[in-house]
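*Asks:* I'd like to ask some things about the structure below.
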Amino acid sequence: VQLQASGGGLVQPGGSLRLSCAASGSISSISDMGWYRQAPGKQRELVAAIISGGRTNYADSVKGRFTISRDNAGNTVYLQMNSLKPEDTAVYYCGARRWGKNAYEFWGQGTQVTVSS
Numbered sequence: 007v008q009l010q011a012s013g014g015g016l017v018q019p020g021g022s023l024r025l026s027c028a029a030s031g032s033i034s035s036i037s038d039m040g041w042y043r044q045a046p047g048k049q050r051e052l053v054a055a056i057i058s059g060g061r062t063n064y065a066d067s068v069k070g071r072f073t074i075s076r077d078n079a080g081n082t083v084y085l086q087m088n089s090l091k092p093e094d095t096a097v098y099y100c101g102a103r104r105w106g107k108n109a110y111e112f113w114g115q116g117t118q119v120t121v122s123s
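Numbered by my numbering, the letters in the sequence shown go through residues 7 to 123 in order.
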């Protein structure tokens, strides 16, 4: 499985961005896909995840502001980020895991999100 992330950039506080993560390869083997982020000096943290069937999970810090979705084919996962705050600044990584695996196994390249005036 290969993951290709895109959509980062510079945005002012209160603005919006949408990240995309396109999967290729053995897509049918994927159960969960999600987004993590890592800010300078901090550990990588889960932002949002979506499980086959559509169940979603969000970090408390982004609930009500971010929305994760997956296209019908299961090829692409999106992260719509609204009401962005400076503390959302980080490198965002998309990840995926296969059925039966406990942890994400596959990672896309990071995409920088910077929220600053």
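For every residue, glycine included, the Cβ atom is placed at its ideal position computed from N, Cα and C.
Got a sec? Which residues, its chain only, sit under 6 angstroms from I57 by beta carbon, not counting five neighbours each side?
*Replies:* Around I57: D38.
*Asks:* Determine whether the beta carbon atoms of S26 and G14 lie at a separation below 8 angstroms.
*Replies:* It is not a contact, given that the beta carbons lie outside the stated cut-off.
*Asks:* In terms of alpha-carbon separation, which member of K91, L90 and V83 lies closest to C100?
*Replies:* Taking only the C-alpha atoms, the option nearest C100 is V83.
*Asks:* Which word fits R76, buried or exposed, when buried means at least 16 other C-beta atoms lie within 10 angstroms of its C-beta?
*Replies:* Per the 10 Å Cβ criterion, buried.
*Asks:* Starting from Q86, trace the beta strand (DSSP E) in both directions and tell me its first and last residue.
*Replies:* Its beta strand (DSSP E) spans residues T82 to M87.
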